[in-house]
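Numbering (our numbering), first residue to last: 40 to 201.
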């Protein structure tokens, strides 16, 4: 009985790829056909590793150098010629607080200078004044809710009609 040591990857010194010439003298175990296949597969592994390493290196270099010569921003969509005020169903950001005790949110700003269609909801029965907290709070100095500075100021300037 003779031990055939075929583990060429974990032997010392390291041998990669597994060419038949790395077999120890007197311990050759490959036939001629096996040696030819081993050589062909070893060269194939080398070619694949070189191609993959080359393509990854070129890809990273191209990506890195491209940032210096080409802007990286791509416009996601083309601008359209429609104005904000021309959009039929659009809402503006109006500060409001949703509370489970109320059907509609509480408005946290003076809405007298904006188009009410921009609020995003409508209480047809009571209107917006009931839900507007700026009407309930009066500044001690001014005694006028419109001059109180504790709420956000929201304004809307509609375009001039031609």
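We put the beta carbon where it would ideally sit given N, CA and C, even for glycine.
Small disclaimer: the values here were computed from a predicted structure and weren't measured.
Within 7 Å, strictly: CB atoms of residue i and residue j
{"i": "residue 132", "j": "residue 170", "result": "no"}
{"i": "residue 59", "j": "residue 77", "result": "yes"}
{"i": "residue 56", "j": "residue 81", "result": "yes"}
{"i": "residue 154", "j": "residue 195", "result": "yes"}
{"i": "residue 130", "j": "residue 157", "result": "yes"}
Separation of residue j from residue i, as counted between CA atoms
{"i": "residue 108", "j": "residue 101", "result": "11 Å"}
{"i": "residue 168", "j": "residue 174", "result": "7 Å"}
{"i": "residue 86", "j": "residue 79", "result": "11 Å"}
{"i": "residue 138", "j": "residue 118", "result": "38 Å"}
{"i": "residue 198", "j": "residue 122", "result": "9 Å"}
{"i": "residue 152", "j": "residue 191", "result": "12 Å"}
{"i": "residue 96", "j": "residue 110", "result": "22 Å"}
{"i": "residue 106", "j": "residue 136", "result": "45 Å"}
Burial state of residue i, where buried means 16 or more other Cβ atoms lie within 10 Å
{"i": "residue 146", "result": "buried"}
{"i": "residue 141", "result": "exposed"}
{"i": "residue 149", "result": "buried"}
{"i": "residue 193", "result": "buried"}
Contact test: residue i Cβ vs the ligand ZN heavy atom, cutoff 6 Å
{"i": "residue 77", "result": "Of ligands this structure carries none, so the ligand ZN is not represented either."}
Residue-level contact to chain B via CB, residue i, 7 Å cutoff
{"i": "residue 150", "result": "Of the protein chains in the structure, only one exists, and it is not chain B."}
Beta-bridge partners of residue i, as assigned by DSSP
{"i": "residue 145", "result": "136"}
{"i": "residue 192", "result": "149"}
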